[in-house]
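A.B. asks: Residue numbers (numbering that gives the first Met the number 0), protein chains in the order written: chain V, 0 to 291; chain G, 0 to 412. For reference, the structure I am asking about is given below.
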Amino acid sequence: MLFEYAIVAGVLFGLFYSFLSIGLNLVFGVQRIVNLAHGDVIMIGGFASWELYYTYHLNPLISVVVVIPPTVLVGYIIYRLVIGPLSKAKDPEMLSLILFFGVSQILEALVTIFLGNNQRSIPDSSLISKPVQFLGQSYPGVWWIVAAASIPMMGLVLLYLYKTKLGTATRAIMADAVEAAAVGIDVRKVSAITFGVGLGITASVGAIAPFMLGGVDPSEGVNLTILAFAVIVIGSLGNIAGTVVGGIIFGLALELTQLYIPSWSSLIPYALLLIVLLVKPSGVLGRRLRSA
Amino acid sequence: MALSTFALVSAACGSGSSSASSGSSASQAPSDITVGTLYSGSGSFADQSMPEYNGLKFWISHENSKGGVYVAAYKKRIPVKLVAYNDQSSPATAATLYDQLITQNKVNIFVADFGSVLTAPAATIAEEHHMLLFDQSGTGTNFFTPGNPYIVLADLPTSALWPKPLVAFLVKNKISKVALVYGSNDFDGSQDTTIVNGLKAAGITPVYNQAVPTTTSAYGTTISAIAATHPEAVVELGYANNDIAFLSNLQSSGTHFKMVFTVFPGQLQQLLEKNVGEAGMAYSYTYAAPPLISYNSVNLGMGTTAFEAAFQKQYPGPVNAPEVYGYHTGLTIQLALNHANSLSQLSLRSALMAESGKVTTLEGLFKLNSQGAQIGELLPVAQLMPTQGNANTSVQIVYPSSQATAKAVYPAP
Numbered sequence: 000m001l002f003e004y005a006i007v008a009g010v011l012f013g014l015f016y017s018f019l020s021i022g023l024n025l026v027f028g029v030q031r032i033v034n035l036a037h038g039d040v041i042m043i044g045g046f047a048s049w050e051l052y053y054t055y056h057l058n059p060l061i062s063v064v065v066v067i068p069p070t071v072l073v074g075y076i077i078y079r080l081v082i083g084p085l086s087k088a089k090d091p092e093m094l095s096l097i098l099f100f101g102v103s104q105i106l107e108a109l110v111t112i113f114l115g116n117n118q119r120s121i122p123d124s125s126l127i128s129k130p131v132q133f134l135g136q137s138y139p140g141v142w143w144i145v146a147a148a149s150i151p152m153m154g155l156v157l158l159y160l161y162k163t164k165l166g167t168a169t170r171a172i173m174a175d176a177v178e179a180a181a182v183g184i185d186v187r188k189v190s191a192i193t194f195g196v197g198l199g200i201t202a203s204v205g206a207i208a209p210f211m212l213g214g215v216d217p218s219e220g221v222n223l224t225i226l227a228f229a230v231i232v233i234g235s236l237g238n239i240a241g242t243v244v245g246g247i248i249f250g251l252a253l254e255l256t257q258l259y260i261p262s263w264s265s266l267i268p269y270a271l272l273l274i275v276l277l278v279k280p281s282g283v284l285g286r287r288l289r290s291a
Numbered sequence: 000m001a002l003s004t005f006a007l008v009s010a011a012c013g014s015g016s017s018s019a020s021s022g023s024s025a026s027q028a029p030s031d032i033t034v035g036t037l038y039s040g041s042g043s044f045a046d047q048s049m050p051e052y053n054g055l056k057f058w059i060s061h062e063n064s065k066g067g068v069y070v071a072a073y074k075k076r077i078p079v080k081l082v083a084y085n086d087q088s089s090p091a092t093a094a095t096l097y098d099q100l101i102t103q104n105k106v107n108i109f110v111a112d113f114g115s116v117l118t119a120p121a122a123t124i125a126e127e128h129h130m131l132l133f134d135q136s137g138t139g140t141n142f143f144t145p146g147n148p149y150i151v152l153a154d155l156p157t158s159a160l161w162p163k164p165l166v167a168f169l170v171k172n173k174i175s176k177v178a179l180v181y182g183s184n185d186f187d188g189s190q191d192t193t194i195v196n197g198l199k200a201a202g203i204t205p206v207y208n209q210a211v212p213t214t215t216s217a218y219g220t221t222i223s224a225i226a227a228t229h230p231e232a233v234v235e236l237g238y239a240n241n242d243i244a245f246l247s248n249l250q251s252s253g254t255h256f257k258m259v260f261t262v263f264p265g266q267l268q269q270l271l272e273k274n275v276g277e278a279g280m281a282y283s284y285t286y287a288a289p290p291l292i293s294y295n296s297v298n299l300g301m302g303t304t305a306f307e308a309a310f311q312k313q314y315p316g317p318v319n320a321p322e323v324y325g326y327h328t329g330l331t332i333q334l335a336l337n338h339a340n341s342l343s344q345l346s347l348r349s350a351l352m353a354e355s356g357k358v359t360t361l362e363g364l365f366k367l368n369s370q371g372a373q374i375g376e377l378l379p380v381a382q383l384m385p386t387q388g389n390a391n392t393s394v395q396i397v398y399p400s401s402q403a404t405a406k407a408v409y410p411a412p
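Now the structure itself:
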């Protein structure tokens, strides 16, 4: 029974991890840059959700949607002002790493200054007050709610990519930015929008992340960025569908380790990352990336 | 990683920095006594480190308001200057900054940041540089070894001693199926060892005993694994973030245990209540630490009531345990300076050893063992009793009976 519990928990957490990482992969796919402030954007989404809950009694599930438009706008502006010009530099990848590292530190410092360094939590009862019984086991209800919310949110990203004109342009840039520009796609504009969407979806997961992470605190950003990076590398860098697979593999590895060798639970998922890199450097769904 | 560095000068005094091993004539008296420490302005230890830092700052401002701390080596009061850097809860950053305090700032008094994780680098560096480490709350037993005179534990007893009353409570109540989950660090590991050995001495083998990473924030699967062993008591040993995650996950999983023990509700009650909620903490057990335990009959510094009143004027709000620890670290420094015949590090240590067992403070009897570890007071077992229909919880001491303020409710309803 414990094995089944860990599997179910792994899938639920896996869906959450996929949702948590998808924005990072979207930005990487288009820009070929790693947003080192990814985890800090999640943290800001968490604090926004906390504030909206305690000030306006807004259900965190609604906050998942509410935080998207302002973050998309901020992302778009940041891209146009900073990242776009940066891409003309000699070594844009390295410069963007440094840039986002700085952004990460600034965001953490600002939140600490204005909101304090204490961890904040939103009560589980704001989503569901009772546990969920499944296959004879009792699971925290919030796990199911968060996992269930993650599916349509990731579905929306896939819909955006595969069913909209903008998404098609985005995928064209992901495949080859030069060729996309050659066929008349406004690479800069589409990239700016995609960067905004990536940030929006990232802030959106932050709104419900406190239920899975035990709360939100200003310093959680770095660890979340590392976690998300592991997930997208396992799944396949630049492949959105791979992120879903990577998240579930990561979740299962973490929960099974917590069950059988808990003291190793912070190591095994990252050992898995190394194994994937050694055995299949392009990630589990790496082949699809090349045929996309 | 870029460092956020912050230096606070608490005394309006000259900038001359004094040597760590000054002579003792009045003419050579330093213009100030430099206390160097770190604090976690952010990160996982900020909740505990910042109040401890505030406690130390309070002691400094209190002494400086009297013209400084009395230094027996110079037979006069000398202002105290604080040099503090933000380690952001990172042991690696802390290691660099500890080194900087000694080699660049040349502080007279070297004080560690909160807890065993951030004290570990300080202990090594202090021994290397022959500086006496005023260990505030790094209670891991590994820091204290017979050959190292350069450390003294200012506050709580070593963590190996913490669970002794808890073990006695479990044995007395014939609770024989005990599950343990602990963070893989010195602080929690040494508590676990004490409990396991204590239970073993009573013929009890824990039904579950597993370490988890200190960074663990989700305990759902662990709780499920523990529940499968049908324990009569569950002891979770972690830092405040671990306790919050464990109690929250336990509540939301719908799992019920007859007894749940966690470390920090008795030290950071408001923080835990804010994050877990009163219902999630109701009937759980914890260590009762000062100021929950009051000591008003003291012969060094302020008693509990006087300290709370004075501290709240400077830092409004309920006083918590780390604030007491910070102030008590100051008292330990004061004790050393009041009695040492020079500012040499070993002289400071000798002075403290000589005063050990003679001093009572707001943390009770100040007593060190030969390795510099506190052994004065043990931490009673407390239970969080719901009041006003679960709207609030009050922490009641339930063991030992000599200190008890209420009878334990076991099994928890």
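We put the beta carbon where it would ideally sit given N, CA and C, even for glycine. Quick caveat, the model's predicted, so the values are computed rather than measured.
#1: In the DSSP output, what is G:Leu179 paired with across the bridge?
#2: Going straight from the alpha carbon of G:Ser189 to that of G:Gln103, what length do you get?
#3: Checking contacts by CB at 7 Å: is V:Pro69 closer than that to chain G?
#4: Looking at V:Leu272: is its Cβ nearer than 7 Å to the Cβ of V:Ile233?
#5: Distance, Cα to Cα, V:Thr224 vs G:Val323?
#6: Thinking V:Val26 and V:Gly197 are a contact (beta carbons under 8 Å), I'd like their distance in whole angstroms, please.
#7: Does the Cβ-Cβ distance between G:Thr431 and G:Gly300 come in under 7 Å?
#8: Would you identify the three-state DSSP class for G:Ser21, choosing helix, strand or coil?
#9: Determine the closest residue to V:Asp90 out of V:Ala208, V:Arg31 and V:Tyr78, with distance taken between C-alpha atoms.
#10: In this structure, does DSSP put G:Asn85 in helix, strand or coil?
#11: Taking only three categories from DSSP, how would you classify G:Ala288?
#12: Any idea if V:Ala8 is buried or exposed, counting beta-carbon neighbours within 10 angstroms, 16 or more meaning buried?
#13: Could you pull out every residue in the same chain whose Cβ sits closer than 7 Å to the Cβ of V:Val131, ignoring the five residues on either side in sequence?
#14: Note down, in chain order, all residues in the stretch 220-249 of chain G with a beta-carbon under 7 Å from any beta-carbon belonging to chain V.
#15: Starting from V:Asn238, find everything on chain G with Cβ-Cβ shorter than 8 Å and list it in chain order.
#16: Which residue from V:Leu284, V:Ala229 and V:Arg187 puts its Cα closest to that of V:Pro84?
#17: Hey, would you say V:Ser103 sits closer than 7 Å to V:Gly220, going by beta carbons?
#18: Closest Cβ-Cβ distance between V:Asp123 and chain G: below 7 Å?
#19: From G:Ser21 to G:Gln27, what does the alpha carbon distance come to, in whole angstroms?
#20: Where G:Ser393 and G:Thr304 are concerned, what is the direct C-alpha to C-alpha distance, given to the nearest angstrom?
#21: For G:Ser16, which of helix, strand or coil comes out of DSSP?
#22: Could you give the C-beta distance for V:Val243 and V:Met153, rounded to a whole number, given that I count them as a contact under 8 Å?
#23: Considering Cα atoms alone, identify which of V:Ile41, V:Ile239 and V:Gly13 is closest to V:Phe249.
#24: Just the chain G side, please: which residues come within less than 9 Å of V:Ala5 by C-beta, in chain order?
#25: Verify the CB distance criterion: does V:Ser218 have a CB-CB separation below 7 Å to chain G?
#26: Taking the beta carbon of V:Tyr161 as the centre, do at least 16 other beta carbons fall within 10 Å, making it buried, or is it exposed?
#27: Please state whether the Cβ-Cβ distance between G:Thr221 and V:Gln257 is less than 7 Å.
#28: Buried or exposed: where does G:His61 fall if 16 or more other Cβ atoms within 10 Å of its Cβ makes it buried?
#29: I'd like the ranges of any alpha helix (DSSP H) spanning at least 4 consecutive residues and lying wholly in the stretch 34-104 of chain G.
#30: Since G:Gln382 sits in a beta bridge, which residues does DSSP pair it with?
#31: By how many angstroms is the C-alpha of G:Leu131 removed from the C-alpha of G:Thr404?
#32: Could you give the C-beta distance for G:Val79 and G:Ile32, rounded to a whole number, given that I count them as a contact under 8 Å?
#33: Below 8 Å, can you find three or more Cβ-Cβ pairs linking the stretch 37-57 of chain V to the stretch 101-116 of chain V?
#34: What are the start and end residues of the alpha helix (DSSP H) that includes V:Tyr259?
#35: Does the beta-carbon distance from V:Ile21 to V:Val156 come in below 7 Å?
#36: Whose C-alpha, out of G:Thr192, G:Pro212, G:Ser175 and G:Phe310, is nearest the C-alpha of G:Val206?
C.D. replies: The short version:
#1: The residue given as residue 179 of chain G occupies position 180 in the second sequence. Its beta-bridge partners are G:Asn208 and G:Val234.
#2: Taking the second sequence and counting its residues from 1, one reaches residue 189 of chain G at position 190. Taking the second sequence and counting its residues from 1, one reaches residue 103 of chain G at position 104. Each residue's alpha carbon lies about 34 Å from the other.
#3: Taking the first residue of the first sequence as 1, we reach residue 69 of chain V at position 70. False, the Cβ-Cβ gap to chain G never drops below 7 Å.
#4: The count along the first sequence starts at 1 and reaches residue 272 of chain V at position 273. The count along the first sequence starts at 1 and reaches residue 233 of chain V at position 234. The answer is yes: Cβ separation under 7 Å.
#5: Indexing the first sequence from 1 puts residue 224 of chain V at position 225. Indexing the second sequence from 1 puts residue 323 of chain G at position 324. In a straight line, the C-alpha of V:Thr224 is about 36 Å away from that of G:Val323.
#6: Against the first sequence, residue 26 of chain V aligns to sequence position 27. Against the first sequence, residue 197 of chain V aligns to sequence position 198. Sure, about 4 Å apart at Cβ, within 8 Å.
#7: Residue 431 of chain G lies beyond the stretch modelled for chain G, which goes from 0 to 412, so this question has no answer here.
#8: For the purposes of this step, residue 21 of chain G is taken as residue 22 along the second sequence, with counting starting at 1. Only weak support exists for where G:Ser21 lies, its pLDDT of 43 falling under 50; the value from the coordinates is given anyway. Note: G:Ser21 maps to coil in three-state DSSP.
#9: Indexing the first sequence from 1 puts residue 90 of chain V at position 91. Of V:Ala208, V:Arg31 and V:Tyr78, the residue nearest in Cα terms is V:Arg31.
#10: The sequence position of residue 85 of chain G within the second sequence is 86, counting from 1. Note: G:Asn85 maps to strand in three-state DSSP.
#11: Here the question's residue 288 of chain G lines up with position 289 in the second sequence. Three-state result, G:Ala288: coil.
#12: Along the first sequence, one-based indexing puts residue 8 of chain V at 9. Counting Cβ neighbours within 10 Å, V:Ala8 comes out buried, since at least 16 surround it.
#13: Mapped onto the first sequence, residue 131 of chain V falls at position 132. So the qualifying residues of the chain are Tyr138, Gly140 and Trp143.
#14: Thr220, Thr221, Ser223, Ala224, Ala227, Asn240, Ile243, Ala244, Ser247 and Asn248
#15: By 1-based counting over the first sequence, the position of residue 238 of chain V is 239. Chain G residues near V:Asn238: none, gap ~27 Å exceeds 8 Å.
#16: Counting from 1 along the first sequence, the entry for residue 84 of chain V is found at position 85. Checking every option, the nearest Cα to that of V:Pro84 belongs to V:Arg187.
#17: Within the first sequence, the letter at position 104 stands for residue 103 of chain V. Within the first sequence, the letter at position 221 stands for residue 220 of chain V. A contact, by the Cβ cut-off of 7 Å.
#18: Counting from one through the first sequence, the residue named residue 123 of chain V turns up at place 124. So yes, V:Asp123 belongs to the interface.
#19: Numbered from its first residue, the second sequence carries residue 21 of chain G at position 22. Numbered from its first residue, the second sequence carries residue 27 of chain G at position 28. Reliability of the predicted coordinates at G:Ser21 is poor, the pLDDT of 43 falling under 50, and the value obtained from them is presented with this limitation in mind. The alpha-carbon atoms of G:Ser21 and G:Gln27 are separated by roughly 8 Å.
#20: Here residue 393 of chain G corresponds to residue number 394 of the second sequence, with the count starting at 1. Here residue 304 of chain G corresponds to residue number 305 of the second sequence, with the count starting at 1. Distance between the alpha carbons of G:Ser393 and G:Thr304 is about 18 Å.
#21: As a working note, residue 16 of chain G is residue 17 in the second sequence. In this predicted model, G:Ser16 has a pLDDT of only 38, less than 50, meaning its place in the structure is not dependable; the value taken from the coordinates is given anyway. In the structure shown, G:Ser16 sits in coil (DSSP, three-state: anything other than H, G, I, E or B).
#22: If you number the first sequence from 1, residue 243 of chain V lands on position 244. If you number the first sequence from 1, residue 153 of chain V lands on position 154. Yes, they are in contact, since the Cβ atoms of V:Val243 and V:Met153 sit about 6 Å apart, within 8 Å.
#23: To locate residue 249 of chain V, count along the first sequence from 1; it is residue 250. Considering only alpha carbons, the answer is V:Gly13.
#24: On the first sequence, position 6 is the one that residue 5 of chain V refers to. Per Cβ cutoff of 9 Å: Thr220, Ser223 and Ala224.
#25: Here residue 218 of chain V refers to the residue found at position 219 when the first sequence is read from its first residue. So, interface residue.
#26: In the first sequence, counting from the first residue as 1, residue 161 of chain V sits at position 162. Looking at its Cβ environment, which holds fewer than 16 other Cβ atoms inside 10 Å, V:Tyr161 is exposed.
#27: Here residue 221 of chain G refers to the residue found at position 222 when the second sequence is read from its first residue. Here residue 257 of chain V refers to the residue found at position 258 when the first sequence is read from its first residue. Yes, Cβ-Cβ distance for G:Thr221 and V:Gln257 is below 7 Å.
#28: The count along the second sequence starts at 1 and reaches residue 61 of chain G at position 62. By the 10 Å Cβ count, G:His61 comes out buried.
#29: If we require 4 residues or more, the alpha helix (DSSP H) runs fully inside the stretch 34-104 of chain G come out as 45-63 and 90-102.
#30: The residue you call residue 382 of chain G lines up with position 383 of the second sequence. DSSP lists G:Tyr284 and G:Gln395 as partners of G:Gln382.
#31: One-based indexing of the second sequence puts residue 404 of chain G at position 405. One-based indexing of the second sequence puts residue 131 of chain G at position 132. Whole-angstrom Cα-Cα distance: 39 Å.
#32: Position 80 of the second sequence, counted from the first residue, corresponds to residue 79 of chain G. Position 33 of the second sequence, counted from the first residue, corresponds to residue 32 of chain G. At roughly 5 Å, the Cβ-Cβ gap stays under 8 Å, so G:Val79 and G:Ile32 are in contact.
#33: In this structure the stretch 37-57 of chain V touches the stretch 101-116 of chain V; the number of beta carbon pairs closer than 8 Å is three or more.
#34: To locate residue 259 of chain V, count along the first sequence from 1; it is residue 260. That run of the alpha helix (DSSP H) goes Ile239 to Tyr259.
#35: Translated into the one-based positions of the first sequence, residue 21 of chain V becomes position 22. Translated into the one-based positions of the first sequence, residue 156 of chain V becomes position 157. It is a contact, given that the beta carbons lie within the stated cut-off.
#36: Here the question's residue 206 of chain G lines up with position 207 in the second sequence. Checking every option, the nearest Cα to that of G:Val206 belongs to G:Ser175.
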